[in-house]
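Protein chains in written order, with the working numbering: chain A, 200 to 652; chain B, 4 to 308. Heads up, the beta-carbon is just placed ideally off N, CA and C, and yes, glycines get one too.
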């Protein structure tokens, strides 16, 4: 790491960095207000849908006694999956001392917090009796994978919030000291409170480094558990398509694909919207592209194992399920997801051109959408084929199709996740200023200096 | 001023206590009255087996139900010393569906909700089809109770897998776990919800049903406590069902009331359990559908897995 010796140069560079990285906080134009309006509108509509669902019962969804888990559970798995990227980028790569990942780790943490918070909310929205949610704590049975899931989801959320917050403390102090009339008073108040009286001495930095390291180590087992346990919600049953031992690692690998795609899209949005070309550089997109190829290849490997091996044998019940996926009613969705969400991105991202910001952001969009449908394919087809025949029930019990209420509530979850990400970006810098300044060779002592006005 | 309001309050209190006393006394008097005379005023009632009966109004008295907590406690424990089993003779089933009807009556189910479902089965292309009544198998290694996060479904001492719909959170994990598709969910407000409003919940019959909770066959645990056979068993006109206690090694036919040795019945007729290979250890045994001589009505539903 090069060191900048001259104080003037250091101060000038720090000013520029601070100016650039606080642009997301300061910027408040028409587009910002329009964006908030859109978000809140969709969230409102979704909540209204949930009120209808609570009032009338879960029957307003397309789910019935045979397909009793539908879009909500698929969506839940999707959000848990996306949130896992926080653990990969801001912890695993950090601990491996892979430096390019540093500016990206904040974005990954934003995605992690939003993802896991919404996952928790979606599962409550899927409950027949959300009013009895506390029973999970009052009468919790530790033999049930749901209790494991509740435990790890809440732990992961807590650690992710801490991992977002603790590296932010020096920045909050910096904002407290440097920001003036360009931000409203209430924001300044938040910074002052959250900065916890940070002074920036060596001892405090040591504590922050230490805390970060502990959290990064802690989040590894928790991160792996959260998605493995989510896969066990399925793997713990006897149903064909779910009754497989590979589901844990298969889910984890798939989660990294979805999460990387989400982070790339968000990086691109910040780069364009907040003029952060010099921060989310081409090299970051290039590296994220390589990471996406790598995790996609791992995922492809698990997909081959998951489908080729039972497909080779075609055991009776398993065979019905696989035929339905390969050539049956879910075949077009299945093949589009495999090709657009996995095979094409791998091929394209091997070429340097497609790892440039715009192409990779577009590819990531398709990867993310495919990832959602992939979760749908994991949940629904299996439930449509129970062991015993489906008889003496109305037509709509036999196959599942989501209703408008379900779509409203699912859209709600997307917009609520985006709202969380937007609020985080509007309150706090999207890259930690002090870490970035340090990377550029600015001594820490300049960080705690009050600017001369 | 303050004094005034206090006096007012005491006055009101006195008046209301007095009024309550009068009303209470009158009601005690009137209830004494009612026990002694036959009014001649009759009322029609639907029994749990679905029969309509007429009784004199004076005969009505509140059912002797234990309190909710007491009911839930004994419902969780089961009937001491018993180990219930069911044997379904597939060669006898003629799709009369009396079991389904009486069951839906007993458990206050909607027409599409089946604790007991008579399925049309065809094992292979050239074999004759047959009817297979299918209910909860009351497994000894139940996949459903394992996954319940709140212990709302559980295995009792007497072998019955029961549900507490006062505790169920409606996550439907048990539905996903059950390989027999035995569980039904209350997707909407249950049948006749207004009628049963305020009725104390009876865990052993899982009535009244509640919106957003699970239901399934309970071997009519409430009837077993009164030493009666399950509703479906009694309702069958064709002698399909045998029900009894494995500890006594005796099962009784619901139609003929004949009692035989359970182990002998099972052995002599080569009984089997559904999807034995899954290791769920069902308590419902099937006698193979031999002599499928009766005409099979309707078409075979091709919705097999």
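- Residues are counted here when their Cβ sits less than 8 Å from a Cβ of chain A; for the segment 122–155 of chain B these are 122, 123, 124, 137, 146, 149, 150, 151, 152, 153, 154 and 155, given in chain order.
- Taking the CA atoms as reference points, residue 140/B sits about 9 Å from residue 220/B.
- The alpha-carbon of residue 280/B is positioned some 17 Å away from that of residue 147/B.
- Close partners of residue 278/B in chain A (Cβ separation under 8 Å): 586.
- The residue among 499/A, 286/A and 248/A with its C-alpha nearest the C-alpha of residue 605/A is 248/A.
- Secondary structure of residue 166/B (DSSP, three-state): strand.
- Across the structure, residue 50/B and residue 56/B are spaced so that their CA atoms are roughly 7 Å apart.
- For residue 102/B, there are no C-beta contacts with chain A under 9 Å, since the nearest C-beta of that chain is about 12 Å from it.
- Restricting attention to beta strand (DSSP E) runs no shorter than 3 residues, the segment 40–107 of chain B encloses them at 45–49, 55–59 and 87–92, ordered along the chain.
- DSSP, read as helix, strand or coil, puts residue 253/B in strand.
- Secondary structure of residue 191/B (DSSP, three-state): coil.
- A straight-line Cα-Cα distance of about 28 Å links residue 228/B and residue 115/B.
- Apart from the 5 residues on each side of it in sequence, residue 517/A sits with its Cβ closer than 6 Å to the Cβ of 439 and 509 in its chain, given in chain order.
- For residue 110/B, no Cβ of chain A is located within less than 8 Å of the residue's own Cβ.
- With fewer than 16 other beta carbons inside 10 angstroms of its own, residue 240/B counts as exposed.
- Taking a C-beta distance under 8 Å as the contact criterion, residue 138/B and residue 185/B qualify as a contact pair.
- Straight-line measurement puts the Cα of residue 215/A at about 14 Å from the Cα of residue 640/A.
- DSSP places residue 282/B in no beta strand (DSSP E); its state is neither H nor E.
- Within the segment 179–192 of chain B, contact with chain A at the beta-carbon level (separation under 8 Å) is assigned to 179, 180, 182, 183, 184, 186, 187, 188, 189, 190, 191 and 192.
- Residue 262/B and residue 501/A have their C-alpha atoms roughly 56 Å apart.
- Only buried fits residue 614/A, as 16 or more other CB atoms lie within 10 angstroms of its CB.
- By the Cβ test, the segment 335–348 of chain A is not in contact with the segment 371–384 of chain A, since fewer than three Cβ pairs between them sit closer than 8 Å.
- A Cβ of chain A is located within less than 8 Å of the beta carbon of residue 170/B.
- Runs of the beta strand (DSSP E) lying entirely within the segment 368–426 of chain A and spanning at least 3 residues: none are present.
- Pairwise C-beta distances place the segment 151–162 of chain B out of contact with the segment 124–132 of chain B, as fewer than three of them are shorter than 8 Å.
- Counting C-beta atoms within 10 angstroms of its own C-beta, residue 207/B has 16 or more neighbours from the protein chains shown and is therefore classed as buried.
- Proximity of residue 326/A to chain B, defined by a Cβ-Cβ separation below 8 Å, is satisfied.
- Of the candidates 123/B, 191/B and 195/B, 195/B places its Cα closest to the Cα of residue 109/B.
- With respect to chain A, the C-beta atom of residue 198/B has no partner C-beta closer than 8 Å.
- Going by C-alpha positions, residue 448/A is about 23 Å away from residue 313/A.
- Per DSSP, residue 254/A is one residue of the alpha helix (DSSP H) stretching across 229–255.
- Residue 495/A sits in a helix when the DSSP states are folded into three classes.
- Between the segment 311–328 of chain A and the segment 274–281 of chain A there are three or more C-beta pairs closer than 8 Å, enough to call the two in contact.
- The beta carbon of residue 175/B falls within 8 Å of a beta carbon belonging to chain A, placing the residue at that interface.
- With a 10 Å radius around the Cβ and a threshold of 16 neighbouring Cβ atoms, residue 47/B comes out exposed.
- Its chain contains no residue whose beta carbon lies nearer than 6 Å to that of residue 437/A once the 5 sequence neighbours on both sides are disregarded.
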